[in-house]
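Everything in the sequence shown is counted per the UniProt record's numbering, starting at 1 for the first residue and increasing by one.
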Amino acid sequence: MNGLLDKTSHRQHVPIQPRIIIHGGAGNISRTTLTPERRIAYRAALKEIITRTKEYMASGTAAPSDSSGPTALEMATFAIVLLEDCPLFNSGHGAVFTRDGINELEAGIMVSRGRAKRGVGVMGLRRGGSAGRRASRTSREDSEDMQGPNIDSGAQGHAQIYGAAAEALATRYGLPLVDPSYFFTQQRWDEHIRALEAEKQGRAATSSWSASEYLPQGTCGAVALDADGVVCCATSTGGLTNKVTGRVGDTPVVGAGSWAGTWAEDGDPTGWAVAAARTAGGVQTARPVVELSRALCNLLADCLPIPSPTALFYEPLSSTPSSSTKTTRSIGLSGTGNGDSFLRISAAHTVAAMAQYKPLSLASALSAVAGPGGLLQQSAGDRWGRAGEGEGGIIGVESVVVHDDRGHVREVRTAVIQDYNSGGMFRAWVDDAGEVQVRIFRDK
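And the structure:
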């Protein structure tokens, strides 16, 4: 499949329903560690951010003449910057401190297709302001950096840039630096001091986790699907509370804290799961489209051995499955929690590999890794529940395009997905009906 699709030719009127889901961290979040007042504040912030992102998806775009709306990269970046600017969440303004009282930020962005690098990460930022915006810009500049006018001064083909070099690169892109005071909040400073003191007095096993209060060890994240079927995941964080200065977590590491990809497969191996969910009254219902753009037809033609892409059109799914059915699946994932645990099991890519090679629905694969008793929790062994190791959650978006051997598109399914193994996870999304949903715990 040709992964370097020209944006101008590919951006057509593709009636795939755009999707968005965000998270603001996971960990020791409970009704004991989070007061009612703070729960109200978190819910209000999540609702405002997801609502503003929903409005942007409907009307905002870098190319106003393009009625298909913003790209997945633009949508995910828009949401992550809002999360970074909110002092409640552990990224940007409100990032946690290292043991030395320093803010060091990191971020990663990945798209399922359409860009040469696909995934980039920036880390060790002390004056970078919005780490998410810097990762996004590095992704946008990939062609110019690799073979265009920026070849001598840009990121070249590198996927990860650290510290002062990442900040200098952002400056060349026209992104301003900020004074370190931008990151400061009294809440985070008090948590920093209190946790160090508890560790010193032996009241806590580590200054990065507490059984009695919520110490941020997670991230902020957004996963978006655009009208062209491209998925983008963006993740940004200040890292673990009281981490060692210079520590790099999972967030900027492609495959650990995030992943996005597209692949083709024979048949519709996950369709049975959707049918079962419908029968059982599941909330994630599929939404077929009426037609696909020539650009997406061309993409499917590149991916699979089908007739002329101009012949692609939608037909209702037959009750008799065809042995020659083909499927194109696109996914995006953003994780949050104990980043060291995510790194040890390459959590996000493990979810993607299970979805692709078993194969499983993204929901099943995600729960097998990040859900209760999953691989993430198992990685902590007998240390589970003692210092935050293995805790976390993952959000995602999946798009499935099903067609037959004649090139007729039979069905398009999209879904937002989430699971976690910790006490709670701050998250919000726009559901199938277009309504905003906000959750901290498993119940409403």
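Cβ coordinates follow ideal geometry from the N, Cα and C atoms, glycine included.
Item: For a test of the three-state rule: what should DSSP assign to ALA380, helix, strand or coil?; Value: coil
Item: For THR327, which three-state DSSP category applies?; Value: strand
Item: To the nearest angstrom, report how far apart GLU199 and VAL244 are at their CA atoms.; Value: 14 Å
Item: How about VAL231 and VAL397: are their beta carbons less than 7 Å apart?; Value: yes
Item: Let me know the secondary structure DSSP gives VAL351 once reduced to three states.; Value: helix
Item: Applying the 10 Å Cβ sphere with the 16-neighbour rule, what's the burial state of GLN418?; Value: buried
Item: Given this structure, state the Cα-to-Cα distance separating THR98 from PRO36, to the nearest angstrom.; Value: 28 Å
Item: Could you say which of GLY221, GLU265, ALA227 lies nearest to SER258 if we only look at CA atoms?; Value: GLY221
Item: Where does ALA72 fall in DSSP's three states?; Value: helix
Item: In whole angstroms, give me the CA-to-CA distance for residue 482 and GLY374.; Value: An answer regarding residue 482 cannot be provided, because it is not within the stretch 1 to 444 covered by the chain.
Item: Identify, in the order they occur along the chain, each residue of the same chain with its Cβ nearer than 6 Å to the Cβ of ASN28, setting aside the five sequence neighbours on each side.; Value: TYR214, GLY423
Item: Can you tell me the Cα-Cα spacing of GLY157 and ARG52, whole angstroms?; Value: 34 Å
Item: Between which two residues does the beta strand (DSSP E) holding TYR182 run?; Value: Run containing TYR182: none; DSSP gives neither H nor E here.
Item: Among all the DSSP beta bridges, which residues are the ones paired with HIS93?; Value: Bridge partners of HIS93: none, in fact.
Item: Cα separation between ALA41 and MET425?; Value: 14 Å
Item: Helix, strand or coil: how does DSSP classify ALA164 here?; Value: helix
Item: Check whether the Cβ atoms of TYR162 and MET123 sit closer than 7 Å, and answer yes or no.; Value: yes
Item: Between the beta-carbon of SER341 and the beta-carbon of LEU376, is there less than 7 Å?; Value: yes
Item: Closest to VAL369 by CA distance: which of PHE184, MET354, ARG442, ARG194 is it?; Value: MET354
Item: Mind reading off the beta-carbon distance from VAL436 to LYS117? Whole number of angstroms is fine, and I expect it under 8 Å.; Value: So it is not a contact: roughly 32 Å between Cβ atoms.
Item: Beta-carbon within less than 6 Å of SER346's beta-carbon, same chain only, minus the 5 sequence neighbours each way: which residues are those?; Value: GLY255, ALA256
Item: Return the CA-CA distance between THR235 and GLN17, expressed in angstroms with no decimal places.; Value: 22 Å
Item: How many Å lie between LEU83 and ARG406 at the Cα?; Value: 45 Å
Item: Thinking C-alpha only, which one of LYS358, LEU88, GLU104 is nearest ALA164?; Value: GLU104
Item: In terms of DSSP beta bridges, what is ARG413 paired with?; Value: VAL400
Item: Between GLY249, ASP443, CYS233, PRO269, which lies nearest to GLY261 when the distance is taken from Cα to Cα?; Value: CYS233
Item: For GLY339, which of helix, strand or coil comes out of DSSP?; Value: helix
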